[in-house]
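In our numbering, the protein residues as written are 1 to 149.
Following this line, the structure appears as structure tokens:
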């Protein structure tokens, strides 16, 4: 498919220059137990491993990405639904693993800061395809305790 890849190279460059214009971070949460800081009385969580930090975008998910909140056979309740988003990264970025944490660390437009401070969990490993112009990873937005959808 070298001919198709060559034809799509211009699209890939355009997406990199016009869509992947913010800075995103993908990190694997630390695996060690939190430690009590006796001076502050707060738990300190271990540092996460940064897997990728560079050009990217976080955009709302499409209706086809919505996941159902039907109770699992072993659960008597419906799981909490989450806001779905998609992480877009260049094809050169590593494929994010499931349960990695994504965040936007810098935005291209100072007036568009609403995504700063939010985090998302990678709902599955990043999608892969034989024909690609951008890497897509399904995200579920994390919510602070007590926050409603």
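Every residue, glycine too, gets a C-beta built ideally from N, C-alpha and C.
Where the beta strand (DSSP E) containing residue i begins and where it ends
i	result
residue 5	Segment 2–18 is the alpha helix (DSSP H) holding residue 5; no beta strand (DSSP E) there.
residue 87	84–89
residue 25	22–28
Proximity of residue i and residue j at Cβ, strictly below 8 Å
i	j	result
residue 23	residue 54	yes
residue 100	residue 28	yes
residue 136	residue 95	no
residue 113	residue 107	yes
residue 44	residue 35	yes
residue 86	residue 59	yes
residue 52	residue 93	yes
residue 56	residue 20	yes
Of the listed residues the options, nearest to residue i (C-alpha basis)
i	options	result
residue 84	94, 130, 142, 104	142
residue 15	115, 125, 132	132
residue 122	7, 46, 89	89
residue 97	17, 115, 138	138
residue 33	41, 111, 47	47
residue 125	140, 117, 4	140
residue 109	128, 127, 4, 18	18
Could I get the ranges of all uninterrupted beta strand (DSSP E) runs contained in the region 87–126, with 3 residues as the minimum, in chain order? 101–106, 119–122
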